[in-house]
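Reading through the structure tokens given below for one structure.
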Amino acid sequence: MRRPSAHILSALLLCLGAGVASAEEQDTAPAADDESDPPVLGAAPRPAPNETASPAFMAEIYAAARHGGRLYDQRRYAESLPYLLAAAERGFKLAQASAGDIYLHGRGGVERNVLVGIGWLGVAAAPATSRRIADYFESVQAQLPDAHEGNAERVVEEFRARYGHARHRVECRVFGNVVQDIGCRFRDDPEADPLFEERQRAQSDVEEVVVTAPIIDTPAPEIGEVPSGQFIAEVYDAANRGSALYNEGKYKEALPFLVAAARRGFKWAQASAADIYLNGRGGVAPDLEAGIGWLGVAAEPRTAGSISRYFKDSMARLPDRYTPEVVQTIVADYSDRYGNAQHRVACRFESDEGRTWSLYFKTLQCRFIDEATQCRNLVFDGTEVNSQWTCEPLRGSRALDARPY
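For reference, each letter of the sequence shown is one residue, going 218 to 622 in my numbering.
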């Protein structure tokens, strides 16, 4: 690739400051209470590229990444941007992807700049990154207007050269095989930082939790029958709790909740349960047949690209006794029993605005098709129609919006 001309690059980098100023003038959304005082940016000496950062500078960047992430999740995009950029310029991939999303769409009154957005997304998507970020970058590239295509390649190359994590002595690690997250930290940090380390639970540190009570208390409907509101609420709750425990590395504790949701056609729960069985995670006894079955039904048409790729990669590594015919038979059996359509569940690609670091790209979400009639009450407040949740309160912020994933 050729490098961008000096005037193109200078104009783009100037926009990083100009966009923030413009956003601060335009953003009038009420501020929510923060968990802590905003970190002070620029207080610690800035190291040169490839130079060891001081502990004070490391702490400043960690704080900026967390604070920017919280503000982004609250949709306070203009406020979040200076903090996200402080971390993004040092190679922190979630901050880079979120800053890219803000510029790409002009969120929160920030002046839209497609090339700056694609630059930040491009460096965030450079190896090694999470599939979520890589998929988002690929989808943006596919929709990029022809007028931007040539410049976009050059801008991505320049951003990767300037802001790649290795250049700033930062390392990033991906957690999970199906539902992935990514954390970054300074290589020279003498202390483990929660931003990077908290999901790296050694299996020996995970307490074994024996679930004695049933996960779903309400009697399950027959295949094809309309589920009750209480049953819908309990399945959503199981999906949320299983996902949270899986992401924390508590695989044995997560499994019964994931299976409860997987039996009703929830694809992320199916894929996560499959990952646990295929790899024997968290002390769970490996069960290749269960892993093949759950991953196969999760990977059926209208699924996430990461699930399809994981299914393909996993099937290629199976022992020889699992021939294509055997795999097909197992998957067909699971599909007949646990396909989402049989359980009145629809899986669609939707913008998930509630998920941490959502990046606003379309993600696969599964819901009961009877949710609206069983658990929703439409209320008109004079200006717009709002949908109120009327079933049993659910645990977890994502569950309150009935968006398990």
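Just so you know, even glycine gets a beta-carbon here, dropped at the ideal spot from N, CA and C.
Please name the residue, chosen from ARG386, VAL357 and LEU338, that lies closest to SER271 on a Cα-to-Cα basis. In this structure, ARG386 is the residue among ARG386, VAL357 and LEU338 with its C-alpha nearest to the C-alpha of SER271.
Got a sec? Which residues, its chain only, sit under 8 Å from HIS224 by beta carbon, not counting five neighbours each side? Low confidence applies to HIS224: its pLDDT is 38, below 50, so where it sits in the model is not reliable, and the reading given next is rough at best. By the criterion of a C-beta distance shorter than 8 Å, HIS224 is surrounded by no residue of its chain, once the five residues flanking it on both sides are discounted.
Taking only the alpha-carbon atoms, compute the straight-line gap between ALA515 and ALA273 and give it to the nearest angstrom. Their Cα atoms are separated by approximately 46 Å.
Where the alpha helix (DSSP H) containing PHE274 begins and where it ends: First-last of the alpha helix (DSSP H) with PHE274: 272 to 290.
Would you say ALA507 and TYR494 are within 8 Å of each other, going by their C-beta atoms? Note that the C-beta distance between ALA507 and TYR494 is below 8 Å.
Per-residue DSSP class, three states only, for CYS592: In the structure shown, CYS592 falls within a helical segment according to DSSP collapsed to helix, strand and coil.
Mapping DSSP to helix, strand and coil, what is PRO456? Residue identity differs from the one stated: residue 456 is Ala in this sequence, not Pro. In the three-state scheme derived from DSSP, where H, G and I count as helix and E and B as strand, ALA456 is classed as helix.
Between the beta-carbon of VAL340 and the beta-carbon of ARG377, is there less than 8 Å? Judged by their CB atoms, VAL340 and ARG377 are nearer to each other than the 8 Å cut-off.
Distance check for ILE509 and ASP492, CA to CA, integer angstroms please. In this model, ASP492 and ILE509 are separated by some 9 Å (Cα to Cα).
Only counting the same chain, and skipping five residues up and downstream in sequence, which positions put a Cβ closer than 6 Å to that of ARG384? Excluding sequence neighbours, ARG384 sits near PRO266.
Going straight from the alpha carbon of ALA565 to that of ILE586, what length do you get? The sequence given here has Arg at residue 565, not Ala. In a straight line, the C-alpha of ARG565 is about 11 Å away from that of ILE586.
For ASP251, collect the residues of the same chain with a Cβ closer than 6 Å to its Cβ; drop the 5 residues on either side in sequence, then sort them by chain order. Note on ASP251: pLDDT 46, under 50, position unreliable in the model; the coordinate value appears next. Closer than 6 Å at the Cβ level, and outside the excluded window around ASP251, lies no residue.
Residues bridged to ILE319 [DSSP beta-bridge criterion]: Per DSSP, none; premise fails for ILE319.
Does the count of Cβ pairs from the stretch 340 to 357 and the stretch 313 to 320 closer than 8 Å reach three? Because the criterion of three Cβ pairs below 8 Å is met, the stretch 340 to 357 and the stretch 313 to 320 touch.
For GLY441, count neighbouring Cβ atoms within 10 angstroms of its own Cβ and tell me buried if that reaches 16, exposed if not. Exposed: under 16 other Cβ atoms inside 10 Å.
Residue span of the alpha helix (DSSP H) that contains ILE440, given as start and end: Careful: ILE440 lies outside any alpha helix (DSSP H) and carries neither H nor E.
Residue range of the alpha helix (DSSP H) that includes GLN559: Unbroken run through GLN559: none, as it is neither H nor E.
Among residues of its own chain, excluding the 5 on either side of GLU242, which ones have a beta-carbon nearer than 6 Å to its beta-carbon? Low per-residue confidence applies at GLU242: pLDDT is 32, beneath 50, and the placement is therefore not dependable, though the value from the model is reported in the following sentence. The beta carbon of GLU242 sits closer than 6 Å to no other beta carbon from its chain once the five residues preceding and following it are set aside.
PHE474 - DSSP class collapsed to helix/strand/coil: In this structure, PHE474 counts as helix in the three-state DSSP scheme.
Complete runs of the alpha helix (DSSP H) confined to the stretch 315 to 388 [at least 4 residues]: Complete alpha helix (DSSP H) runs here, min 4: 331 to 341, 348 to 360 and 363 to 380.
Counting pairs of beta carbons, one from the stretch 357 to 365 and one from the stretch 279 to 299, are three or more of them closer than 8 Å? These segments do not touch.
Please classify GLU415 as buried or exposed, where buried requires at least 16 neighbouring CB atoms within 10 angstroms. Bear in mind that the predicted position of GLU415 carries a pLDDT of just 36, short of 50, making it too unreliable to give a figure here.
DSSP three-state call for ARG534: helix, strand or coil? If DSSP states are grouped into helix, strand and coil, ARG534 belongs with coil.
Exposed unless 16 or more other CB atoms sit within 10 angstroms - verdict on ASP434: By the neighbour-count rule (16 or more Cβ atoms within 10 Å), ASP434 is not buried but exposed.
May I ask you to report which of helix, strand or coil DSSP gives ILE586? If DSSP states are grouped into helix, strand and coil, ILE586 belongs with coil.
Beta-carbon within less than 8 Å of CYS608's beta-carbon, same chain only, minus the 5 sequence neighbours each way: which residues are those? Only GLY446, GLN447, ILE449, ALA450, GLN591 and CYS592 meet the Cβ criterion.
For ALA490, which residues from the same chain have a beta carbon less than 7 Å from its beta carbon, with the 5 sequence-adjacent residues on both sides left out? Excluding residues within five positions, the ones whose Cβ falls inside 7 Å are LEU472, LEU475, VAL476, ALA479 and TRP511.
In the DSSP assignment, what are the bridge partners of CYS401? Beta-bridge pairing by DSSP links CYS401 to CYS389.
For LEU512, which of helix, strand or coil comes out of DSSP? Residue state, collapsed to three classes: helix.
Who does TRP606 pair with in a DSSP beta bridge? Among the bridge pairs identified by DSSP, TRP606 is matched with ARG593.
Please report the straight-line C-alpha distance between TRP606 and ARG402, rounded to a whole angstrom. The C-alpha of ARG402 is placed about 39 Å away from the C-alpha of TRP606.
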